[in-house]
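Asks: Structure in structure tokens, see below.
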Amino acid sequence: MPSTFGITKITGTLIESVDVEHKADLKQLITSDGHHSAARSVDDSYSFTVKGKGTCPVSAGGSTGAPTGVTGKIIITNATNSESNEDWNGFSYSGTGYVHAS
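Structure follows, in structure tokens:
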């Protein structure tokens, strides 16, 4: 079976890494004698971070730039540009995808 090399969750000029976390709050019902009755996940969301070289393609407060698979209302919460004499200019940004928000 052929393998895929490289980053496939997002397209860009020089993307170094993409991290995606899907998380949810757990709500559970406990019976009067302390046993678990039922449980379900609520308010699930995605957190993501993208790092690369060049100029940051998004800005804080924006709604574009989420990796493939991140759904819902997207909000970029942090965008950083970095410069160094020893390396290419870099960037990183992070955000959240609120699955059930509109």
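So the sequence shown is numbered by our numbering: it starts at 7 and just counts up by one.
Every residue, glycine too, gets a C-beta built ideally from N, C-alpha and C.
For the beta strand (DSSP E) that residue 55 lies in, which residues bound it at each end?
Replies: Looking at the DSSP string, the run of the beta strand (DSSP E) that includes residue 55 is 42 to 59.
Asks: Identify the residues that DSSP records as bridge partners of residue 25: which are they?
Replies: DSSP, once it has assigned bridges, lists 55 as partnering residue 25.
Asks: Which residues in the same chain have their Cβ closer than 6 Å to the Cβ of residue 87, if we skip the five residues on either side of it in sequence?
Replies: Only 62, 97 meet the Cβ criterion.
Asks: Name the two residues that bound the continuous beta strand (DSSP E) containing residue 16.
Replies: From DSSP, residue 16 is part of no beta strand (DSSP E); its letter is neither H nor E.
Asks: Please classify residue 56: is it buried, with 16 or more other beta-carbons within 10 angstroms of its beta-carbon, or exposed?
Replies: Buried, since its Cβ has 16 or more Cβ neighbours within 10 Å.
Asks: For residue 107, which residues does DSSP report across the bridge?
Replies: None, per the DSSP bridge assignment.
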